Ligand code: CUA
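Here you go:
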């Protein structure tokens, strides 16, 4: 379909002859540098996962939200030591399974832990995605409904910690606060972290 003196250009018809120029040296060098850098960044991910200690390594298993709520209520019944603003305060013994439940718009229950003791945490949500953010420590976890996120946690600094929800979960999202108290291993020692709330309340 070519007329006189011009050629039809089409994506369907292959152009004739060598229409491309082979990459020159400079271009090849830059491609090589970019490729090597990609590989460096790729290798940094697993390296930093192990070396950086920023990503907690836990396990996720499927769980029915109702079953998780039941386990949490049983956990509260077993180790409840008090109440703050209608939320039970629970002091689990060393090595216990600790359940923390997120729902619109509360963290349930409040926890009282001991410094240097390892706990088997279980996190889950009953309704939508929530974000577990621990202040002033720097710990961030995604709390997903239908999944039990298991994590071994050993608090190493006594003090009052706040749990803040960092995943938008509806109209009451910004009020979704919880609390964890870490008591010093030696009760005579003064808390190393200044208390974040002078009123002794987490809400
Ligand atoms: Cu829960 Cu935002």
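Residue numbers (our numbering): 3 to 205.
Heads up, the beta-carbon is just placed ideally off N, CA and C, and yes, glycines get one too.
What you are looking at is a predicted structure, and each value in this text was computed from that prediction instead of being measured.
Boundaries of the alpha helix (DSSP H) around residue 35: 27–53. According to DSSP, residue pairing for residue 85 in a beta bridge involves 90. Considering only 29, 132 and 120, the residue with the shortest C-alpha distance to residue 109 is 132.
Linking residue 43 to residue 87 through their CA atoms gives a straight-line distance of about 47 Å.
In the DSSP secondary-structure assignment, residue 152 is bridged to 61 and 124. Sixteen is the threshold: when 16 or more other Cβ atoms of the shown chains lie within 10 Å of the Cβ of residue 124, as they do, the residue is buried. Between residue 107 and residue 172, the C-beta gap is smaller than 9 Å, which places the two residues in contact.
Around the beta carbon of residue 161, 16 or more other beta carbons sit within 10 angstroms, so the residue counts as buried. Residue 116 holds the alpha-carbon nearest to the alpha-carbon of residue 163 among 170, 116 and 99. It is roughly 13 Å from the alpha-carbon of residue 75 to the alpha-carbon of residue 126. Contact between residue 134 and residue 142 is confirmed by a C-beta separation of about 7 Å, below the 8 Å threshold.
Taking residue 111 as the centre and dropping the five residues before and after it, the same chain places the C-beta of 78, 89, 90, 91 and 92 closer than 7 Å to its C-beta, in chain order.
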